[in-house]
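The structure appears right after this line, and notes come after that.
In our numbering, the protein residues as written are 3 to 312.
What follows is the structure, encoded as structure tokens:
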């Protein structure tokens with residue numbers, strides 16, 4: 003029998019860090035977590051969508067909203083791309099509230115550009131914020147999670163990495179890398195009662211707003227995305243942080259408006275064998291024809307999720 007959970011108490015007495023919580027998806031996760039009883043560290047550097055600049059206002063405003071609603075929260079303005087700053091986020095949680103129970107790795111930026119024009123700087127900064135940022139924060143929390151024998155990681159991935167998209171090689175590589183990181187965390191830390199899962203969010207945010215629109219088809223698709231608010235993502239994140247998800251780890255979920263998806267993970271779909279081994283010629287003559295019907299098509303996220311959000 004499923005345990006009855008009291009409304010508004012899913013995260014009672016838990017201390018949660020949400021990165022990139024000043025706006026968009028992170029903001030709504032922080033607000034819902036607080037409404038469910040969590041004490042929240044609201045992290046946000048306050049940079050622009052491309053990572054430039056700093057502004058304390060977004061994080062301060064979210065903390066103000068949480069406190070006004072009767073919750074508990076403190077602001078943090080560090081960059082997840084900085085290892086020491088990530089350590090300081092976790093230490094702030096421990097110093098302020100005595101512990102850390104959950105992490106939402108949500109902070110992100112975009113530097114979209116077609117691959118043959120992408121610069122090293124555009125590659126490095128996106129990898130630093132998304133992939134290294136997830137590592138930095140997770141590593142800082144891991145020691146505490148191990149010592150207390152509990153903890154939950156929630157990382158934001160993307161169908162840009164899971165499926166594919168134009169002009170986002172840096173972002174896609176980082177987001178698919180986060181899936182590998184999450185799986186490794188789940189494997190390495192399961193013995194300590196620690197869980198790690200990913201969410202691929204479909205929601206209109208200022209990052210999505212930076213995607214170039216070059217056709218009427220893309221314009222129509224963006225208009226549909228605008229109907230999907232960040233608030234729709236927050237319930238899944240809060241669930242995964244809660245004790246109700248104690249048996250859920252190493253999974254990839256998608257949330258699109260009122261839909262929830264469970265993504266598969268790479269597994270063999272076809273095999274061929276020759277007792278004498280392979281040569282380049284026999285691969286061309288035998289292996290390729292045998293496997294070709296099982297090849298994955300060259301698709302983008304919009305090709306796979308071809309129906310309107312419901």
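Just so you know, even glycine gets a beta-carbon here, dropped at the ideal spot from N, CA and C. Treat the numbers as computed from the prediction; the structure is a model and nothing was measured.
- Annotated as proximal: residue 24 and residue 61, with beta-carbon spacing under 7 angstroms.
- By the criterion of at least three beta-carbon pairs nearer than 8 angstroms, the segment 123-135 is not in contact with the segment 145-156.
- DSSP places residue 237 inside the alpha helix (DSSP H), whose first and last residues are 236-243.
- By the C-beta criterion, the segment 188-198 is judged not to be in contact with the segment 170-177, since fewer than 3 inter-stretch pairs fall below 8 angstroms.
- Contact check for residue 31 and residue 236: beta-carbon distance about 5 angstroms, within the 8 angstroms limit, so the pair qualifies.
- Annotated three-state conformation of residue 82 is coil, per DSSP.
- Spatial neighbours of residue 302 in its own chain (CB-CB distance under 7 angstroms, excluding positions within 5 residues in sequence) are listed in chain order as 165, 166, 167 and 168.
- When DSSP states are grouped into helix, strand and coil, residue 61 belongs to the helix group.
- Under the DSSP assignment, residue 264 falls in the beta strand (DSSP E) whose first and last residues are 261-264.
- Rounded to the nearest whole angstrom, the C-alpha separation of residue 297 and residue 125 is 28 angstroms.
- Between the alpha carbons of residue 86 and residue 57 lies a gap of roughly 20 angstroms.
- Separation of residue 94 and residue 144 (C-alpha to C-alpha, rounded to the nearest whole angstrom) is 15 angstroms.
- Boundaries of the beta strand (DSSP E) around residue 157: 153-158.
- Taking a C-beta distance under 7 angstroms as the contact criterion, residue 51 and residue 42 do not qualify as a contact pair.
- Bounds of the alpha helix (DSSP H) holding residue 172 are 171-191.
- Secondary structure at residue 111: coil, using DSSP grouped into helix, strand and coil.
- Taking the Cβ atoms as the reference, residue 205 lies roughly 20 angstroms from residue 82, outside the contact range of under 8 angstroms.
- It is roughly 9 angstroms from the alpha-carbon of residue 121 to the alpha-carbon of residue 115.
- Membership of residue 14 in any beta strand (DSSP E) is not indicated, and neither H nor E is assigned to it by DSSP.
- Contact between residue 257 and residue 201 holds, with the beta-carbon distance rounding to 6 angstroms and staying under 8 angstroms.
- If you draw a straight line from the Cα of residue 135 to the Cα of residue 187, it is about 14 angstroms long.
- Residue 104 and residue 189 do not touch by the CB rule: their CB atoms are close to 19 angstroms apart, not below 8 angstroms.
- The Cβ atoms of residue 286 and residue 274 lie no closer than 7 angstroms to each other.
- Measuring C-alpha to C-alpha distances from residue 259 to each of 14, 312, 181 and 46 identifies 312 as the nearest.
- Excluding the 5 residues flanking it on each side, residue 44 has same chain C-beta neighbours closer than 8 angstroms at 20, 23, 24, 32, 61, 64, 65, 68, 75, 76, 77 and 78, in chain order.
- Residue 201 has 158 and 255 as its beta-bridge partners, per DSSP.
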